[in-house]
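What follows is a single structure, written as structure tokens, with notes after it.
There are 2 protein chains.
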Amino acid sequence: MAKYFLGIDIGGTKIASGLVSAEGKLKKSIILPTLAERGKNVSLNQLFISIDMLLKTGGVSKKDIKGIGVCAPGPLNPQKRIIYNPPNLQGWVKVPLGDLVEERLKIKTKVENDANAAGVAEMLWGSAKGYKNIFYVTVSTGIGTGIIIDGKLYHGKNGMAGEGGHVTISYNDETVLCACGSKGCIEALASGPNTVKRFLKNISRGPEGESLTVNMTKNGAADITMKTIADAAKRGDSLAIKTIQEEGRFLGIWLGNMINILDPEIIVIGGGVSLIGNLLFKEIKDTVKKHTINIFASKTPIVAAKLKKNVGVFGAAAIAMI
Amino acid sequence: MAKYFLGIDIGGTKIASGLVSAEGKLKKSIILPTLAERGKNVSLNQLFISIDMLLKTGGVSKKDIKGIGVCAPGPLNPQKRIIYNPPNLQGWVKVPLGDLVEERLKIKTKVENDANAAGVAEMLWGSAKGYKNIFYVTVSTGIGTGIIIDGKLYHGKNGMAGEGGHVTISYNDETVLCACGSKGCIEALASGPNTVKRFLKNISRGPEGESLTVNMTKNGAADITMKTIADAAKRGDSLAIKTIQEEGRFLGIWLGNMINILDPEIIVIGGGVSLIGNLLFKEIKDTVKKHTINIFASKTPIVAAKLKKNVGVFGAAAIAMI
């Protein structure tokens, strides 16, 4: 009897894959380089090598695999299982990834974007267990979102729904240009790297700049990451605290918008930035209450994701399961 | 055999009701004053009088009615059929309207907010006929939205989903305060009255103020409405044109957001402001394309609503039908 779901998370630099049980236990995982710079055929081959290696080292045969899930960078269409042309996967243009994997492995394969998949993993095995209407957010290098309605991912007409990171809350702010071409997208305001940038700008601005952080890294300001800022905040650094609170306010205003539109049962926030913990979450929750007309919004739980390490693999396995 | 759906649209000043066939023909409609200022019992009684009068003057009996739909101002919960405490219905606090109507008439009754209901009417009988995934917008005194997924209204956890009018696209703009308490909500930027306000501000600002509009109304600036501005634009008035284009840009940026989140099959825009026509719609469409990362968004139809007069009654009847 098939016992595992095989999850594969393709990134621009590495391919992480793993065998996950229906109960959400990770039996075995491996990581290979994507070798994206060598083009589509090489990186696609890395994916197949991953699967072979995983089965071999995991000591399981194909008949033990109940389904395969693949997460890839967007734009992609989960319904058609096509990857369009992700900026970090060179030469991938309209790749029918689902068909390719399914033909080769003869195992049912699903394709999904990472944030959507991570949301499903949180529903099955994480902080949203027991919920069926979920707004999932990941805040790390970028900001991604996934919408789950009645236990199913909501994809929209072209499979492109749930791109909440590119909702602008400050459409005419010339100082907040987003990679997507718009201004004031929440990703441009509150992603990890953009928060670090804002922090560095404030450091260089004089009195506020007396921050612990510069003494916490080897090369001073150049080495500062969200982790540094979070650590400095825990040690009482006022600029670090202010920066995180500001990020919380941005996220709170944006989530107030999302509640007005979607009225979800629960909001789960994952990604590296969510590890900051209470300082960030308190600000988010306080701000949400002030930025929604939903009279029940104060009761909508806003919680940290449970799955942290290997969330990509769990997400990919999760979409194979639903 | 039951032949009609009875739709009732309760507003702060009037109650409009009508008999609508499954094909969307309005057999008979009447309007009574709500008498909201006299409190809940009086206005509720007006609603029942409406129904009685409608049946009598329409020459139909209760057994001819297949279902009743009631639209009311929010906040309300369509699933529980409860009206919470609309600012313009005095004394209505947690009124179980669905139960009250159903008990009295012994006919299945649904309760819905106006924008949601109008969206359903557009799906059944209007511009969205044949579509099942619809983002409906009404731009008039306020901005309301309705989300239809797979042919059904999307309500969210507390029945409060689809409040797209209170999505901010300019969270820190002190000059754009919304009635909801936030800043920069699309309603505060682009509703009819708020667009008129912006226009009047520009008139008073000097050279741009040389607008035809002041000569088009009886009492000058004080009488200017969206209709005046639209008429002036048609006659080539540059400030009027600019004002409408600006409104289109606001709506386009906001709809770009909505497409990023919801990826609908079609966007239908109703309400008085939508009557402006091409000048507004061209600007909306051009702007949407620049403000979405959805690579298919340029193919998403953005169209004017078909149902104009009696849309409230059609909406209410429509929700009784689905």
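For the protein sequence lines, the chains are A and B, in the order given.
Numbering-wise, the first sequence is residues 253 to 574 according to the numbering used here.
Numbering-wise, the second sequence is residues 253 to 574 according to the numbering used here.
Glycine included, each C-beta is placed from N, C-alpha and C at the ideal position.
In the three-state scheme derived from DSSP, where H, G and I count as helix and E and B as strand, residue 566(B) is classed as helix. When DSSP assignments are scanned along the stretch 263 to 349 of chain B, the uninterrupted stretches of beta strand (DSSP E) that are 3 or more residues long and fall wholly within it turn out to be 266 to 273, 278 to 285 and 317 to 324. For the 8 Å CB-CB criterion, residue 399(A) and residue 387(A) form a contact. Here the alpha carbon of residue 533(B) sits roughly 8 Å from the alpha carbon of residue 554(B). With a cut-off of 8 Å on Cβ pairs, the stretch 504 to 516 of chain A is in contact with the stretch 405 to 417 of chain B, counting three or more such pairs. Residue 332(A) does not reach chain B, its nearest Cβ partner there being about 12 Å away, counting only Cβ pairs nearer than 8 Å. Residues of chain A whose Cβ lies closer than 9 Å to the Cβ of residue 388(B) do not exist, since the nearest Cβ in that chain is about 13 Å away.
Separation of the CB atoms of residue 378(A) and residue 397(A) is rounded to 16 Å, and the pair is thereby denied contact status at 8 Å. For residue 514(A), the chain B residues whose Cβ falls inside 7 Å of its Cβ are 408 and 413, in order along the chain.
Only buried fits residue 362(A), as 16 or more other CB atoms lie within 10 angstroms of its CB. Rounded to whole angstroms, residue 353(B) and residue 463(B) show a C-alpha spacing of 51 Å. The beta carbons of residue 500(B) and residue 544(B) sit about 15 Å from each other, so the pair does not count as a contact at 8 Å.
At the C-beta level, residue 401(A) and residue 419(A) stay beyond 8 Å of one another. Taking each of 498(B), 509(B), 447(B) and 493(B) in turn and checking the Cα distance to residue 421(B), the smallest one comes out for 509(B). Between the C-alpha atoms of residue 417(A) and residue 318(B) there is a straight-line separation of about 44 Å. A direct Cα-Cα distance of roughly 29 Å separates residue 497(A) from residue 365(A).
Residue 324(B) is a Cβ neighbour of residue 262(B), given a cutoff of 8 Å.
Among the CB atoms of chain A, none fall inside 8 Å of the CB of residue 554(B). By a beta-carbon distance limit of 8 Å, residue 291(A) does not contact residue 340(A). Their separation comes to about 13 Å. Within the stretch 379 to 406 of chain B, the complete beta strand (DSSP E) runs of at least 3 residues fall at 386 to 391 and 395 to 401. The alpha-carbon of residue 570(A) is positioned some 14 Å away from that of residue 558(A).
Within chain B, not a single residue places a beta-carbon under 9 Å from that of residue 447(A); the smallest gap is close to 16 Å. When only Cα atoms are considered, residue 447(A) and residue 482(A) end up about 11 Å apart. Under the DSSP assignment, residue 362(B) falls in the beta strand (DSSP E) whose first and last residues are 361 to 365. 296(A) is the residue among 280(A), 537(A), 270(A) and 296(A) whose C-alpha sits nearest the C-alpha of residue 342(A). One Cα belongs to residue 383(A), the other to residue 403(A), and the distance between them is close to 8 Å. In the displayed model, residue 526(B) falls within a helix according to three-state DSSP.
DSSP, read as helix, strand or coil, puts residue 425(B) in coil. One finds nothing in chain A with a Cβ atom closer than 9 Å to the Cβ of residue 451(B); even the nearest lies about 19 Å away.
DSSP, read as helix, strand or coil, puts residue 555(A) in strand.
In the structure shown, residue 411(B) falls within a coil segment according to DSSP collapsed to helix, strand and coil. Comparing alpha-carbon positions, the option among 315(B), 280(B) and 505(B) lying closest to residue 536(B) turns out to be 505(B).
Residue state for residue 521(A) is assigned as strand, using DSSP reduced to three classes.
In this structure, the CA atom of residue 486(A) is about 27 Å from the CA atom of residue 428(A). Among the bridge pairs identified by DSSP, residue 420(A) is matched with 437(A).
In this chain, the alpha helix (DSSP H) harbouring residue 486(B) covers 478 to 486.
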